[in-house]
Each structure stands twice: as structure tokens, then as C-alpha cells.
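In the working numbering, the protein residues as written are 244 to 454. Backbone N, C-alpha and C define an ideal beta-carbon position, used for all residues, glycine too.
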């Protein structure tokens, strides 16, 4: 049975759904006949699209909660779910541009980082124009995703420069290697080391003030 609860499927029009259907390849003889279609696959459906949908569902089931937590820690407390849903939609749209399916998790992390960064910039602009503070109170769902002993650290993280915050979250909360962090942030491993070092120093000083 086809899943419809995934973000890249919500609200798809009949035209969009039809775009995934390709015309069958003409068969000149029995020797040229294509291999039997997998069970449950309708004739005329592009198998690449079937494989993409299967991979997307596995990624959604395996990484959704982790990516929401990442978005929360990076600063998208009130709309972390929306950020992650948009990231999955972007991946679905650009799936065939990936160098390999194995690159999908890193790509999702990269998109989440970029979307949160854009969100923070928009909030900063809104604050300047409106000349008022925007509430940063986390939603109940977002707050529940953090352990109680992490709250002070998360509060301190909010005050770090964006890149330092991203590097620390990816390293110490997501447990990524420097190479994976560099790929997610779109920077060199040397820059990752620098952001982590400066971020840890700033975070330590911030935590000292809370004691």
C-alpha cells in the first residue's frame, strides 16, 4: 500500500504524480522483452522512481527524528518539523543529482543546516525592521526532544556564531567525523576544526557565567 504521510507526497497534484510515469519501451521480439516487473509495480512505471520512493521512505523512517533534533539544536525550535519536511522535499526533487544514494543522509544534514541558517537570518532582519524581540520559547515537542541536563548548554549554544554552533552540534550531538561535518557544512576540514575549537572556547566561557 502506498504511503501518503511523507512530506514530499503531501499535496501532490495529478500532474505531478503523472510525471513519474514513463511510456513503456517498445519490444521488438521476445528476446528483447524487459525483465519481469517487481511484484506490485504497475506497467509503465519508471523503476528508478520506485527505487527513489523506497529509499526516501527508509531515510524518512531512519533519520527524521534525528534531523528534527538537529534543527532544534541549531535554533529552529518552533518550526523544526517544517524545516526537516522541506529538507526531504528538496532531496526528493534533486534525488537524481546525488552522486550516490549513500550520500543522501549527508545531503539532508546539509539542507537542514542551510535552511536553519536562512531562517535565523530572516529572523534577524525581522527584528531589525520591527524593532522588537522575537520569542525563542521552544514548543512542547521541541523541548521534549532535549534532555534536562542539556538545556543550559542549548541556551549557551544559541549565543554562538552560526558556524560555530553548527560545527559543535554536528560533532558532539550528531557524533559526526570532521570529514562528514565538512561535507554537511560545505567547508574544509580545517575550517571545521577552527569552528569547533573557537566554539568550545566560547561555550566554556558562557557556561562559566551560568554557574
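Can you grab the Cα-Cα spacing for the pair residue i / residue j, in whole Å?
i, j, result
"residue 334", "residue 353", "11 Å"
"residue 305", "residue 437", "31 Å"
"residue 312", "residue 325", "12 Å"
"residue 509", "residue 298", "The chain is shown only over 244 to 454; residue 509 falls outside these bounds and no answer can be derived."
"residue 418", "residue 442", "16 Å"
"residue 301", "residue 294", "11 Å"
"residue 337", "residue 447", "40 Å"
"residue 190", "residue 296", "As displayed, the chain neither begins before 244 nor continues past 454, which places residue 190 out of reach and without an answer."
"residue 327", "residue 303", "10 Å"
"residue 416", "residue 307", "15 Å"
"residue 321", "residue 291", "36 Å"
"residue 309", "residue 430", "22 Å"
Hey, residue i and residue j: beta-carbon distance below 7 Å or not?
i, j, result
"residue 439", "residue 406", "no"
"residue 432", "residue 423", "no"
"residue 427", "residue 346", "no"
"residue 404", "residue 332", "no"
"residue 412", "residue 425", "no"
"residue 319", "residue 364", "no"
In its own chain, which residues sit with a C-beta less than 7 Å from the C-beta of residue i, not counting the 5 before and 5 after it?
i, result
"residue 329", "358"
"residue 449", "399, 402"
"residue 409", "317, 356, 428"
"residue 323", "311, 314, 315, 385"
"residue 445", "403, 407"
"residue 341", "347, 350"
Can you find the residues in the same chain that come closer than 6 Å, C-beta to C-beta, to residue i, ignoring five residues on each side of it along the sequence?
i, result
"residue 360", "405"
"residue 379", "Annotation note: pLDDT 46 at residue 379 (below 50); position unreliable, coordinate value reported separately. Here the set comprises nothing."
**Request:** Could you pull out every unbroken alpha helix (DSSP H) segment of at least 4 residues lying fully inside the stretch 285-313, listed in chain order?
**Result:** Runs of the alpha helix (DSSP H) lying entirely within the stretch 285-313 and spanning at least 4 residues: none are present.
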